[in-house]
Structure formats: structure tokens, C-alpha cells
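What follows is one structure encoded as C-alpha cells, with my remarks underneath.
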Amino acid sequence: MNVFRLAGDLTHLLSLVVLLLKIVATKSCRGVSAKTQELYAIVFVTRYLDLLFSFVSLYNSVMKVVFLGSAFSIVYFMRYHKVVRHTYDRELDTFRSSFLVAGSMVLALLINSKYTFFEVLWTFSIYLEAVAILPQLVMLQRTGNIDNLTGNYVFLLGMYRGLYILNWIYRYSTERRYWQMIVWVSGIIQTALYADFFYYYLKCWNENRTLVIP
Amino acid sequence: QMSREGHDEL
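So the protein lines, in turn, are chains A and B.
What the first sequence shows, in the working numbering, is residues 1 to 214, in sequence order.
What the second sequence shows, in the working numbering, is residues 1001 to 1010, in sequence order.
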């Protein structure tokens, strides 16, 4: 565990707190993509199946349970909560997320490090996480004025991915035999997807005005 | 190449 990894995990946790805060405090999920949230739920379920049969550390296990719990809570609020579900902008959230699931599954079957059930599902979760933000990014472009909490949620998610890259660079230079090409390539693609968003986020923040993605 | 077993990140 290094400082970049810890900061990355805490930023990820904070992003989920910000999103849950927005939903619970404002009783609204305006601007939030349910498709992205459902993809994250799939990512966490397929990646954290190892909770059942392997143990890395208490830290890892607790974080996995928290990520799973928060992902399902968010999906519950957006789809089933009697007030919040009416604030979901269905017509703005039109990205065909099933293509992302299918594409990630095909890629995981073709490119993996071991052809076993759990290994392929784990690899699938790595590929799917890389593209899971796309429905949210497309939805932000269509939303117009983006509220602070939603903008900060996406910003924190992007920060978390950036910190993971720094963590990999640190680990690669300090650990022997540390090599995870599938994770690195997916992670770099995932982080690159935020570049556009970061540009407009920082620009609007600098000019002190409401976030709009043209 | 590190597989799922060697992966200790979240």
C-alpha cells in the first residue's frame, strides 16, 4: 500500500459519498446516468466474487463490501425509490450500455491471462470498468447546466483513476516482478476518457461559472 | 502477467 493507492481508494470512496449525498439530500438524481451506475454494479459483482474464497486483507474486504453496497444503494434509489426515481432523466440517458457489456465480455474471452471462469469474469470487470463512465459522460453533454455535486462526483472518479496510474508507476519502480498489462492498458484508456470532462470542469471552475459540457 | 490471484488492488 502506497500513498497514491490509498489516496485513489479514498477518492473513489468520496465520489460515492458525494453521489449518495446528492441523491439523499436533494431527493433527486437529475443528471446521473442509471446505466453507468448499473454497469458499476456489474463491475463490482464480477470483480469481487473472490470475497467468497480468497482473503487479501481486512482493508480490501471492507472496501469491496462498501463498494458493492454503495453501487446497489445508488441503483436502488434511481430505479425504485418512490420520490427519487421520478427525477431520473430517462430520455437523456440513452447510451446503449448493453454493447459495452457484450464488447467487454468478448474481449475478456479473447484476451485474458488464464482461461478459467473466475479469471475471465475478473478480466471482464476490468474491461467494463474502463468504459462504464461513457453513458454518464454522454448524459452530461445533454444535461446542460450540471449541478455541483454531479460535476464533483465525476471529477472525483477521474481523480481516482489518475491516482491509480501514479500508484502503478510507483509500484513498478519499487516492486520486483510487478507487471499487469491488462489492468494498465484498461486503466490508461479509462483515465483518458475523462480528459475532455476535466478540461471543461477546470475551465468552468477557473471562470467561476456553472459546469456545462459543450 | 499478473492474474486475478496476484491482484491486490480494488
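We put the CB at the ideal spot given by N, CA and C, even for glycine.
Note that the structure is a prediction, hence the values are computed from the model and not measured.
Below 8 Å between beta carbons is the criterion; list the residues of the stretch 43-71 of chain A that meet it against any residue of chain B, in chain order. Within the stretch 43-71 of chain A, the residues whose Cβ lies closer than 8 Å to some Cβ of chain B are D50, S54, V56, S57, N60, M63, K64, F67, listed in chain order.
For L110 of chain A and D1008 of chain B, the rounded distance between their alpha carbons: Take the alpha-carbon of D1008 of chain B and the one of L110 of chain A: they are about 23 Å apart.
DSSP bridge partner residues for L211 of chain A (one or two, in chain order): In DSSP, L211 of chain A forms a bridge with A:I146.
For a test of the three-state rule: what should DSSP assign to E1009 of chain B, helix, strand or coil? Three-state result, E1009 of chain B: coil.
Using a cut-off of 8 Å between C-beta atoms, extract the partners of F118 of chain A located in chain B. R1004, listed in chain order.
Within 8 Å, strictly: CB atoms of L156 of chain A and T36 of chain A: No, they are not a contact pair.
Around the Cβ of L6 of chain A, are there at least 16 other Cβ atoms within 10 angstroms (buried) or fewer (exposed)? The residue in question, L6 of chain A, is exposed, as its Cβ has fewer than 16 Cβ neighbours within 10 Å.
The alpha helix (DSSP H) spanning W179 of chain A covers which residue range? Counting along the chain, W179 of chain A falls outside any alpha helix (DSSP H), and DSSP gives it neither H nor E.
Any beta carbon of chain B sitting closer than 8 Å to that of R5 of chain A? Closer than 8 Å: yes.
Alpha carbon of S61 of chain A to alpha carbon of S15 of chain A, nearest angstrom: Going by the C-alpha atoms only, they are around 19 Å apart.
Does K35 of chain A get closer than 8 Å to chain B when you measure Cβ to Cβ? Chain B, which has no Cβ nearer than 8 Å to the Cβ of K35 of chain A, makes this no.
Three-state secondary structure (DSSP) of R1002 of chain B: Before going further, note that residue 1002 of chain B is Met rather than Arg in the sequence given. Collapsing the DSSP output to three states places M1002 of chain B in coil.
Can you tell me which of A:L19, A:G31, A:V18, A:T46 puts its alpha carbon nearest to the alpha carbon of I146 of chain A? That would be A:G31, whose Cα lies nearest to the Cα of I146 of chain A.
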